[in-house]
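**Q**
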Amino acid sequence: MKNLSRRARITTGAAALAVVGAAAFGTVSANASAPAAGPAQSVPAAGPAQSVAQGATTTSTHLTIDAATRAARAALDAAEAEHQRVTVAVVDRNGNTIVTLRGDGAGPQSYESAERKAFTAVSWNAPTSELSGRLQQTPNLKDIPGTLFLGGGVPVTDRNAPIAGIGVAGAPSGTLDEKYARAGAAALDR
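Next up, the structure:
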């Protein structure tokens, strides 16, 4: 038998390993997708999707990304008109962030604070400035994850049901933050 060069031996070995690896992968893949054999196992036949009874579901209203962006932009513009550096967050009914705009020069803490204020406002369907007063009677409210009971968050409602929250953070006071958040909510009425 002829002696193979070092390069040929490495190439041949790599090719052999690739073939063995591909065969093993194919076997594992085939076994992972094949149902286990056995007389006791039966697979139900696929049928049409089942409908639920009428009245067993609810429908909720959500802001579009365009509406959320319009509200956030209006809040940021109101703050910038007064030379305030803020961050604005708009969250949906479930507290998920739809859009966040961090204004030029806004502090690093303002990002999370704006989101938490928006979440708090939509969760309780009330401005956070009102909710901060409730802490005197129930101080453990502040322990609820994701909430922030400082002025600057307002709910957005549709037919008196909360559908979003707008939070603003970074101005020198919660009163100013809330003023800008209200400007964002007002932009949705147009």
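Sequence positions in the sequence shown follow mature numbering (1 follows the signal peptide of the UniProt record, and there is no 0) and run -32 to -1, 1 to 158.
Heads up, the beta-carbon is just placed ideally off N, CA and C, and yes, glycines get one too.
Predicted model, so just to flag it, every value in this text is computed and none were measured.
With a 10 Å radius around its C-beta and 16 neighbouring C-beta atoms as the bar for buried, classify A86 as buried or exposed.
**A** By the Cβ-count criterion, A86 is buried, with 16 or more other Cβ atoms from all chains shown falling within 10 Å of its own Cβ.
**Q** Whole-angstrom Cβ separation of H30 and I131, contact assumed at under 8 Å?
**A** 6 Å
**Q** Where does L103 land, buried or exposed, given buried means 16+ other C-beta within 10 angstroms?
**A** exposed
**Q** Under the three-state reduction of DSSP, which class applies to D45: helix, strand or coil?
**A** Of the three classes helix, strand and coil, the one that applies to D45 here is helix, per DSSP.
**Q** Look at the Cβ atom of A56, then the Cβ atom of T65, and state whether they are nearer than 9 Å.
**A** In the sequence on display, residue 56 carries Val and not Ala. Contact: no.
**Q** Identify whether I33 lies in helix, strand or coil by the three-state DSSP scheme.
**A** The answer is helix: DSSP assigns I33 an H, G or I state.
**Q** Are the stretch 116 to 127 and the stretch 91 to 98 touching by the rule of at least three beta carbon pairs closer than 8 Å?
**A** Between the stretch 116 to 127 and the stretch 91 to 98, the count of Cβ pairs shorter than 8 Å is three or higher; the stretches touch.
**Q** Helix, strand or coil for G133? Go by DSSP, reduced to three states.
**A** strand
**Q** What residue range does the alpha helix (DSSP H) around V54 cover?
**A** V54 -> no alpha helix (DSSP H), and no H or E assigned at all.
**Q** If you follow the beta strand (DSSP E) that G63 is part of, which residue opens it and which one closes it?
**A** Where G63 is concerned, there is no enclosing beta strand (DSSP E), given that its DSSP letter is neither H nor E.
**Q** A149 to Q18, Cα distance in whole Å?
**A** Answer to the nearest angstrom: the Cα atoms are 43 Å apart.
**Q** Starting from the C-beta of P107, find all residues in its chain whose C-beta is less than 8 Å away, skip the five residues before and the five after it, and write them out in chain order.
**A** Correct list: empty, nothing qualifies.
**Q** Who pairs with G121 in a beta bridge, going by DSSP?
**A** G135
**Q** Along the alpha helix (DSSP H) that carries D157, what are the first and last residues, could you check?
**A** For D157, there is no enclosing alpha helix (DSSP H), as DSSP gives it neither H nor E.
**Q** What are the partner residues of D72, as DSSP defines its beta bridges?
**A** Answer by DSSP bridge pairing: none, since D72 is not bridged.
**Q** Suppose you measure from the CA of L118 to the CA of I112; what does that come to, to the nearest Å?
**A** If you take the alpha carbons of L118 and I112, they lie about 14 Å apart.
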